[in-house]
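Okay, structure first, notes after.
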Amino acid sequence: MSDISPETFDLDAWIEGAERTIRSATVYQKAGLIGDLDVLAAKIENAEREEAVDGPGMGGGAGKLRAEYAKLAEEFKASALTVRMKALTLDEKKAIEKEHKEDTGAHILAASMVEPRVTAEQVRKIENAIGNAQMALIIRAYNQACDDTPAVSADFLPKSSGRESSEG
Numbered sequence: 012m013s014d015i016s017p018e019t020f021d022l023d024a025w026i027e028g029a030e031r032t033i034r035s036a037t038v039y040q041k042a043g044l045i046g047d048l049d050v051l052a053a054k055i056e057n058a059e060r061e062e063a064v065d066g067p068g069m070g071g072g073a074g075k076l077r078a079e080y081a082k083l084a085e086e087f088k089a090s091a092l093t094v095r096m097k098a099l100t101l102d103e104k105k106a107i108e109k110e111h112k113e114d115t116g117a118h119i120l121a122a123s124m125v126e127p128r129v130t131a132e133q134v135r136k137i138e139n140a141i142g143n144a145q146m147a148l149i150i151r152a153y154n155q156a157c158d159d160t161p162a163v164s165a166d167f168l169p170k171s172s173g174r175e176s177s178e179g
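Below you can see the structure in the form of structure tokens.
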């Protein structure tokens, strides 16, 4: 970051380059596959216990089940949709509330969602399709965009090669 001084700082240029916070949430179209994966996980555990006692079976046992699990897990992963929510100003929220007396929440979420672009009706359809748990992820992303101070997580930055101090 460059040094800022009152003599050289151009506030108008800074404001022109400012962006609102955008937060993301990933939801899944094929969330029902989790139930199938749960069943397969239990079958894999049972097959592995049996193989530990009796040795590998002729039918492929745990290996075959693991391959099926991997296939379903990939199908689940492929159904992901990352939703990006942009912070709204208080004035924007108030204007939406004034214009839409009913179903205000869906209109606010639709205005906030920058990827994919949606209507309030589509927000309601998404909620009905994916359920409350996944919709809560979208709402959390919206709330984080509007209310949390933007910060970069140090957890994902390259680790320092120097020794870290251990205070505490």
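The opening residue of the sequence shown carries number 12 in our numbering; numbering runs sequentially from there. Glycine included, every Cβ here is placed at the ideal spot set by N, Cα and C.
#1: Can you tell me whether DSSP reads L92 as helix, strand or coil?
#2: Determine contact between the region 158-171 and the region 48-64, defined as no fewer than three beta-carbon pairs at a distance below 8 Å.
#3: Closest to G43 by CA distance: which of G72, L148, A81, S90 is it?
#4: Going by other Cβ atoms of all chains shown within 10 Å of its Cβ, with 16 needed for buried, is L168 buried or exposed?
#5: Can you list, in chain order, the residues of its chain whose CB lies under 7 Å from that of I107, leaving out five sequence neighbours each side?
#6: Out of L99, A140, R135, which has the shortest C-alpha to C-alpha gap to T32?
#7: Helix, strand or coil, according to DSSP, for V50 in the structure here?
Considering the structure as presented:
#1: Strand.
#2: A contact is defined here as three or more CB-CB pairs under 8 Å, and the region 158-171 fails this definition with respect to the region 48-64.
#3: Checked all of G72, L148, A81, S90; the closest Cα to G43 is S90.
#4: When all chains shown are included, L168 counts as exposed.
#5: Only T115, H118, I119, A122 meet the Cβ criterion.
#6: Selected option, being the one with the closest Cα: L99.
#7: In the structure shown, V50 sits in a helix (DSSP, three-state: H, G or I).
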